[in-house]
Amino acid sequence: MTIGLDNAGRRFESMMTTVGGFPFVGDVQAMDEGKVPSYDYSDPRLILRVRHLCPVNTGSMIIDPAGRRFLLANHDAPSDYNQVHYRTHRLFHMATSVLWEREVQELDTLTKLQKGIGRQALANIWVLIERVTREPPGGQMGVKEQVRQVITNEDIQLGDIIDKMVVKRLDTVLGVNLAEIQ
(Lines of atoms letter the chains of each structure in order from A and count residues from 1; the text may use other names and numbers.)
(Lines give C-alpha, C1' and ligand atoms only; values in the text may rest on other atoms or scores of the structure.)
Protein backbone atom coordinates (compact mmCIF):
# COMPACT_ATOMS: atom_id res chain seq x y z
CA MET A 1 0.00 0.00 0.00
CA THR A 2 1.39 3.40 -0.92
CA ILE A 3 1.22 6.08 1.72
CA GLY A 4 -0.28 9.38 0.58
CA LEU A 5 -1.90 12.26 2.41
CA ASP A 6 -5.30 10.57 2.33
CA ASN A 7 -4.11 7.39 4.11
CA ALA A 8 -0.97 8.38 6.08
CA GLY A 9 -2.76 8.28 9.43
CA ARG A 10 -4.51 4.93 8.97
CA ARG A 11 -1.79 3.05 10.84
CA PHE A 12 -2.91 4.84 14.04
CA GLU A 13 -6.60 3.95 13.69
CA SER A 14 -8.40 1.68 16.17
CA MET A 15 -11.53 -0.42 15.78
CA MET A 16 -14.47 1.11 17.66
CA THR A 17 -18.22 0.60 17.73
CA THR A 18 -21.30 2.71 18.13
CA VAL A 19 -23.54 1.95 21.10
CA GLY A 20 -25.81 0.20 18.59
CA GLY A 21 -22.97 -2.18 17.66
CA PHE A 22 -21.91 -0.70 14.29
CA PRO A 23 -18.10 -1.08 13.85
CA PHE A 24 -15.91 1.69 12.43
CA VAL A 25 -12.27 2.80 12.58
CA GLY A 26 -10.92 6.05 13.97
CA ASP A 27 -8.00 7.69 15.71
CA VAL A 28 -8.37 9.27 19.19
CA GLN A 29 -6.02 12.18 19.90
CA ALA A 30 -5.58 14.62 22.79
CA MET A 31 -6.67 18.23 22.24
CA ASP A 32 -4.15 20.94 23.00
CA GLU A 33 -5.78 23.02 25.74
CA GLY A 34 -2.66 24.84 26.83
CA LYS A 35 -1.85 24.98 30.51
CA VAL A 36 -4.78 23.67 32.58
CA PRO A 37 -5.14 25.01 36.16
CA SER A 38 -4.44 22.63 39.04
CA TYR A 39 -7.99 22.93 40.42
CA ASP A 40 -9.51 21.59 37.19
CA TYR A 41 -10.39 17.94 37.76
CA SER A 42 -12.25 17.34 34.50
CA ASP A 43 -11.28 14.62 32.04
CA PRO A 44 -8.75 15.58 29.36
CA ARG A 45 -10.37 16.73 26.14
CA LEU A 46 -10.03 14.32 23.24
CA ILE A 47 -10.88 14.39 19.55
CA LEU A 48 -11.78 11.54 17.22
CA ARG A 49 -10.49 11.58 13.67
CA VAL A 50 -12.44 9.48 11.15
CA ARG A 51 -12.52 9.16 7.38
CA HIS A 52 -14.86 11.66 5.79
CA LEU A 53 -17.35 8.97 4.71
CA CYS A 54 -17.49 7.28 8.14
CA PRO A 55 -21.16 6.86 9.15
CA VAL A 56 -20.76 8.20 12.73
CA ASN A 57 -21.94 11.78 13.22
CA THR A 58 -22.38 14.47 15.83
CA GLY A 59 -24.65 13.18 18.59
CA SER A 60 -23.57 9.55 18.14
CA MET A 61 -22.45 7.60 21.20
CA ILE A 62 -19.42 5.37 20.64
CA ILE A 63 -17.42 2.81 22.62
CA ASP A 64 -13.62 2.85 22.33
CA PRO A 65 -11.34 -0.24 22.57
CA ALA A 66 -11.04 0.30 26.36
CA GLY A 67 -14.84 0.09 26.75
CA ARG A 68 -15.35 3.80 27.53
CA ARG A 69 -18.42 5.62 26.18
CA PHE A 70 -17.99 8.91 24.33
CA LEU A 71 -20.44 11.40 22.83
CA LEU A 72 -19.38 12.91 19.50
CA ALA A 73 -19.64 16.70 19.08
CA ASN A 74 -18.78 19.00 16.18
CA HIS A 75 -15.14 19.93 15.69
CA ASP A 76 -13.74 20.27 12.16
CA ALA A 77 -13.55 18.87 8.63
CA PRO A 78 -10.14 19.89 7.22
CA SER A 79 -9.69 19.95 3.50
CA ASP A 80 -7.08 20.76 0.91
CA TYR A 81 -7.66 21.50 -2.74
CA ASN A 82 -11.44 21.37 -2.12
CA GLN A 83 -11.28 17.73 -1.03
CA VAL A 84 -12.18 16.55 2.49
CA HIS A 85 -9.93 13.70 3.63
CA TYR A 86 -11.19 13.23 7.19
CA ARG A 87 -13.50 14.68 9.88
CA THR A 88 -12.76 15.34 13.51
CA HIS A 89 -15.25 15.22 16.37
CA ARG A 90 -14.78 16.43 19.91
CA LEU A 91 -15.24 13.57 22.38
CA PHE A 92 -17.06 13.92 25.68
CA HIS A 93 -16.50 10.99 28.06
CA MET A 94 -19.94 9.77 29.18
CA ALA A 95 -18.69 8.42 32.50
CA THR A 96 -21.94 8.38 34.47
CA SER A 97 -25.34 6.74 34.02
CA VAL A 98 -27.98 8.77 35.89
CA LEU A 99 -31.76 8.79 36.30
CA TRP A 100 -33.64 11.26 34.07
CA GLU A 101 -37.06 12.29 35.41
CA ARG A 102 -39.77 14.77 34.46
CA GLU A 103 -42.34 16.47 36.68
CA VAL A 104 -45.87 15.27 35.87
CA GLN A 105 -48.56 17.94 35.99
CA GLU A 106 -52.32 18.03 35.79
CA LEU A 107 -54.91 20.79 35.55
CA ASP A 108 -56.37 21.79 38.91
CA THR A 109 -60.15 21.94 38.43
CA LEU A 110 -60.57 24.68 41.05
CA THR A 111 -57.79 27.11 40.06
CA LYS A 112 -57.50 26.07 36.38
CA LEU A 113 -53.70 26.08 36.79
CA GLN A 114 -51.21 23.28 36.24
CA LYS A 115 -50.03 21.59 39.44
CA GLY A 116 -47.34 19.00 40.00
CA ILE A 117 -48.48 15.53 41.00
CA GLY A 118 -45.13 13.74 41.07
CA ARG A 119 -42.20 12.62 38.97
CA GLN A 120 -42.08 10.22 36.06
CA ALA A 121 -38.85 8.30 35.44
CA LEU A 122 -38.00 8.60 31.74
CA ALA A 123 -34.77 6.60 31.48
CA ASN A 124 -31.27 6.03 32.76
CA ILE A 125 -29.03 8.14 30.52
CA TRP A 126 -25.29 8.45 30.01
CA VAL A 127 -23.96 11.94 30.76
CA LEU A 128 -20.83 13.92 31.49
CA ILE A 129 -21.22 16.01 34.66
CA GLU A 130 -18.71 18.80 35.35
CA ARG A 131 -18.43 22.06 37.27
CA VAL A 132 -19.95 25.02 35.41
CA THR A 133 -16.73 27.02 35.16
CA ARG A 134 -13.05 26.30 35.47
CA GLU A 135 -12.68 28.65 38.43
CA PRO A 136 -12.11 28.00 42.12
CA PRO A 137 -15.43 27.43 43.94
CA GLY A 138 -16.90 30.13 46.19
CA GLY A 139 -17.31 33.34 44.23
CA GLN A 140 -17.25 36.94 45.43
CA MET A 141 -20.20 36.69 47.80
CA GLY A 142 -19.08 33.43 49.35
CA VAL A 143 -22.42 31.77 48.58
CA LYS A 144 -21.87 28.20 47.48
CA GLU A 145 -24.45 26.60 45.23
CA GLN A 146 -24.15 23.15 43.83
CA VAL A 147 -24.33 23.99 40.13
CA ARG A 148 -23.17 21.47 37.56
CA GLN A 149 -22.93 21.26 33.80
CA VAL A 150 -24.38 18.21 32.04
CA ILE A 151 -23.53 17.18 28.49
CA THR A 152 -25.80 14.64 26.79
CA ASN A 153 -27.40 13.70 23.48
CA GLU A 154 -30.87 13.21 25.02
CA ASP A 155 -33.74 15.65 24.38
CA ILE A 156 -33.92 17.07 27.87
CA GLN A 157 -36.15 20.03 28.76
CA LEU A 158 -36.10 22.87 31.27
CA GLY A 159 -37.41 21.63 34.60
CA ASP A 160 -36.36 18.01 34.01
CA ILE A 161 -34.60 16.27 36.89
CA ILE A 162 -31.19 14.73 36.17
CA ASP A 163 -29.39 12.95 39.00
CA LYS A 164 -31.80 14.54 41.54
CA MET A 165 -30.97 18.07 40.31
CA VAL A 166 -33.26 20.36 38.27
CA VAL A 167 -32.34 21.59 34.77
CA LYS A 168 -32.15 25.41 35.04
CA ARG A 169 -30.56 26.31 31.68
CA LEU A 170 -30.41 24.50 28.38
CA ASP A 171 -28.44 25.12 25.20
CA THR A 172 -27.10 23.29 22.17
CA VAL A 173 -23.32 23.66 21.82
CA LEU A 174 -21.17 21.87 19.23
CA GLY A 175 -24.27 19.89 18.23
CA VAL A 176 -24.89 18.33 21.67
CA ASN A 177 -27.16 19.33 24.57
CA LEU A 178 -25.55 21.34 27.36
CA ALA A 179 -27.60 21.80 30.53
CA GLU A 180 -26.97 23.57 33.80
CA ILE A 181 -28.42 21.69 36.77
CA GLN A 182 -28.87 22.81 40.35
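In the working numbering, each number is its position in the sequence shown, counted from 1, plus 435. Backbone N, C-alpha and C fix where the C-beta goes; we use that ideal spot for every residue, glycine too.
Note: residue 565 is bridge-paired with 584 in the DSSP secondary-structure output. For residue 524, the three-state secondary structure derived from DSSP is strand. Within the same chain, and ignoring the five residues on either side of residue 465 in sequence, the residues whose Cβ sits closer than 7 Å to its Cβ are 479, 481.
Residue state for residue 589 is assigned as coil, using DSSP reduced to three classes. Note: residue 614 is bridge-paired with 585, 605 in the DSSP secondary-structure output. In the DSSP assignment, residue 594 forms no beta bridge with any residue. In this structure, the beta-carbon distance from residue 525 to residue 487 does not fall below 8 Å.
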